[in-house]
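Protein chains in written order, with my numbering: chain U, 1 to 291; chain R, 1001 to 1291.
Glycine residues also receive a C-beta, built at the ideal position from the N, C-alpha and C atoms.
A short worksheet on the structure shown next.
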DNA sequence: ATCGACTATACGAATACGTTATAATGGACA
DNA sequence: TGTCCATTATAACGTATTCGTATAGTCGAT
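Structural data, given as structure tokens:
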């Protein structure tokens, strides 16, 4: 039993004559005739009685039609779903990300990506970078974004490195400088990430290298929190130029020397091949993180 | 998208390798390979990644599989239903019949016919012969059984004629005769059908022809009722030899002269072709009525 | 009787299907 | 490292299916 036969059968049942069914399916009348003959032969049912040169569906045809239509619809549905999957309109996209990126950049990118994809199920789970690393290794997510370094390296990792910028409140006197160095900040109230963070360590050695006093007045977990403190005038601070950009609105941002490196990475599952949607979105994410 | 492709896809998803899928479907491995390649090409989906010379289903394949399996099952179901229809295991059989036949013979035949046909829906509607005639002309039934004559003739009518027999209570003195004539029954209490019935008229002229006194002590609507009265010893009567046979158990039945003719007919819908089940059962019925 | 609308059959070309033979790939193991 | 084993992919080829055109047959209506 072939789908084409069922299609012809349905058209014939719906339109009464082979000639019209043929028009509808864009094929010739003899084509329909042979299709129907084949279907009758294969099913062993007399689907039509030829009376007066016309076809009349038998009771068997009416019974069979119900199932035939159902099967056709299921096949057509499968086709449609294939198209949806292909175009990324259907599928699921579970992303694990560390907090800073999942607050603003990720949802912004995702909602743009999901436009025109009504059947796409999106999940964002926010965890610290270590947990993200674990989640992706247990294949629970299609894509993950974590800060480096990770406890142990992963294959399928795409790294993005940034040089952190110095951020100052709007009317800060140092805003006139093109570039900030630790000696400019000697004794200036400073908002930084926590002691355990690589950023903290890099800053500490930068200040000691320049022989400047690092006056830490606040430690935060995220850049976004630090940005808010700086905006409130609590001090100056340091921030990455891309992921945290949305939080530096209204602040003055200047290059910082020496280089304070901040790295994030896009991680993919190792054992399972990533889905097309995941690859597509990874592309979007890559473009955004490269900027 | 062809069903065969979906079949191969399913087998491959379920069994992991093309080689095993091929075995399962009774075809060669290259056959599966080209089928899958065709499916991937037509749907535009990368269903499998070739890694390490093995196939690994992509997330897209898993999504698509759900719909593919559904479509396949629907098609297989249609096939199965076709087989059921063909063998008469599925369908409906609505029969209109006049009372005498629908009391015993029809249900007996039907239940025998419906054995091994679990999905066959049976309907028996009992009406007098005139109503039966109308029901069948309005195409409400697949088959009808009515007594003749009908008010107006119908095409697709198969007539069965019987010579009525005389029935006597068990120990009746006339039981010793091989054949009964009206003069044997001169003045004998007689149970007959109603005055409007052709049987009544035939009996009346038979008795008058033989110059015998017809002593009608009871009029009934059905032969079956008459039989019961005769069994109770209320009198003798007349009965058809086939349809009413089940009711003459324990009675003495003898040929009657002159011929009292009783006719029934199997009627088929005129406008619509009868279903295969209807034709099949008509055959059973014909055999039973001919006996 | 002829026309019009329809279905069935014959035949040929393109496509699909499924086979065998064979190449290519990669993992396991000595 | 090389060899064996299991797997997938490709090529070549015969057969079946599909669908077109041409044409014949059938029936009802005018």
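Given residue i as reference, the closest of the options once Cα atoms are compared
{"i": "residue 1147(R)", "options": "1290(R), 1263(R), 1076(R)", "result": "1263(R)"}
{"i": "residue 66(U)", "options": "1024(R), 1087(R), 1078(R), 1249(R)", "result": "1078(R)"}
{"i": "residue 181(U)", "options": "258(U), 15(U), 253(U)", "result": "258(U)"}
{"i": "residue 61(U)", "options": "21(U), 80(U), 14(U), 81(U)", "result": "14(U)"}
{"i": "residue 1068(R)", "options": "1192(R), 1081(R), 1040(R), 1028(R)", "result": "1040(R)"}
{"i": "residue 1101(R)", "options": "1254(R), 1073(R), 1240(R)", "result": "1240(R)"}
{"i": "residue 246(U)", "options": "274(U), 288(U), 26(U), 49(U)", "result": "288(U)"}
{"i": "residue 1260(R)", "options": "1280(R), 1273(R), 1192(R)", "result": "1192(R)"}
{"i": "residue 1058(R)", "options": "163(U), 202(U), 279(U)", "result": "279(U)"}
{"i": "residue 214(U)", "options": "188(U), 195(U), 231(U)", "result": "188(U)"}
{"i": "residue 190(U)", "options": "177(U), 169(U), 51(U)", "result": "169(U)"}
{"i": "residue 1212(R)", "options": "1195(R), 1185(R), 1230(R), 1158(R)", "result": "1185(R)"}
{"i": "residue 156(U)", "options": "199(U), 122(U), 282(U), 18(U)", "result": "282(U)"}
{"i": "residue 1124(R)", "options": "1145(R), 1116(R), 1117(R), 1115(R)", "result": "1145(R)"}
{"i": "residue 118(U)", "options": "97(U), 158(U), 107(U), 84(U)", "result": "84(U)"}
{"i": "residue 1285(R)", "options": "1047(R), 1107(R), 1072(R), 1076(R)", "result": "1107(R)"}
{"i": "residue 199(U)", "options": "172(U), 179(U), 165(U)", "result": "165(U)"}
{"i": "residue 1088(R)", "options": "1072(R), 1174(R), 1120(R), 1173(R)", "result": "1120(R)"}
{"i": "residue 24(U)", "options": "12(U), 96(U), 174(U)", "result": "12(U)"}
Straight-line Cα distance separating residue j from residue i
{"i": "residue 104(U)", "j": "residue 235(U)", "result": "23 Å"}
{"i": "residue 292(U)", "j": "residue 243(U)", "result": "Residue 292(U) falls outside the range modelled here, since chain U spans only 1 to 291, and no answer is possible."}
{"i": "residue 1233(R)", "j": "residue 1250(R)", "result": "12 Å"}
{"i": "residue 126(U)", "j": "residue 141(U)", "result": "12 Å"}
{"i": "residue 1111(R)", "j": "residue 1092(R)", "result": "14 Å"}
{"i": "residue 1224(R)", "j": "residue 1255(R)", "result": "18 Å"}
{"i": "residue 136(U)", "j": "residue 277(U)", "result": "17 Å"}
{"i": "residue 74(U)", "j": "residue 197(U)", "result": "55 Å"}
{"i": "residue 1216(R)", "j": "residue 1133(R)", "result": "30 Å"}
{"i": "residue 253(U)", "j": "residue 228(U)", "result": "14 Å"}
{"i": "residue 161(U)", "j": "residue 238(U)", "result": "15 Å"}
{"i": "residue 1150(R)", "j": "residue 1129(R)", "result": "7 Å"}
{"i": "residue 163(U)", "j": "residue 183(U)", "result": "18 Å"}
{"i": "residue 122(U)", "j": "residue 115(U)", "result": "12 Å"}
{"i": "residue 17(U)", "j": "residue 1082(R)", "result": "22 Å"}
{"i": "residue 6(U)", "j": "residue 1053(R)", "result": "38 Å"}
{"i": "residue 9(U)", "j": "residue 1(U)", "result": "12 Å"}
{"i": "residue 275(U)", "j": "residue 269(U)", "result": "10 Å"}
{"i": "residue 195(U)", "j": "residue 178(U)", "result": "28 Å"}
{"i": "residue 55(U)", "j": "residue 1203(R)", "result": "49 Å"}
{"i": "residue 1043(R)", "j": "residue 70(U)", "result": "21 Å"}
Three-way DSSP call (helix, strand, coil) for residue i in this model
{"i": "residue 1035(R)", "result": "helix"}
{"i": "residue 1028(R)", "result": "coil"}
{"i": "residue 283(U)", "result": "helix"}
{"i": "residue 8(U)", "result": "helix"}
{"i": "residue 1249(R)", "result": "coil"}
{"i": "residue 163(U)", "result": "strand"}
{"i": "residue 1255(R)", "result": "strand"}
{"i": "residue 1018(R)", "result": "helix"}
{"i": "residue 1273(R)", "result": "coil"}
{"i": "residue 1043(R)", "result": "helix"}
{"i": "residue 1232(R)", "result": "coil"}
{"i": "residue 51(U)", "result": "strand"}
{"i": "residue 1189(R)", "result": "strand"}
{"i": "residue 168(U)", "result": "strand"}
{"i": "residue 157(U)", "result": "strand"}
{"i": "residue 1238(R)", "result": "strand"}
{"i": "residue 1260(R)", "result": "coil"}
{"i": "residue 150(U)", "result": "coil"}
Contact belief for residue i with residue j at Cβ below 8 Å, rounded distance in angstroms
{"i": "residue 1290(R)", "j": "residue 63(U)", "result": "30 Å between Cβ atoms; not a contact."}
{"i": "residue 29(U)", "j": "residue 22(U)", "result": "4 Å"}
{"i": "residue 273(U)", "j": "residue 1049(R)", "result": "4 Å"}
{"i": "residue 1086(R)", "j": "residue 45(U)", "result": "6 Å"}
{"i": "residue 1266(R)", "j": "residue 1143(R)", "result": "7 Å"}
{"i": "residue 99(U)", "j": "residue 222(U)", "result": "6 Å"}
heavy atom of the ligand PLP below 6 Å from residue i C-beta
{"i": "residue 1265(R)", "result": "No copy of the ligand PLP occurs in the structure displayed, which carries no ligand at all."}
Beta strand (DSSP E) segments (min. 3 residues) lying fully within the segment 202-226 of chain U: 215-220
Completely contained beta strand (DSSP E) runs for the segment 1054-1135 of chain R, where each covers 3 or more residues: 1054-1057, 1090-1097, 1119-1126
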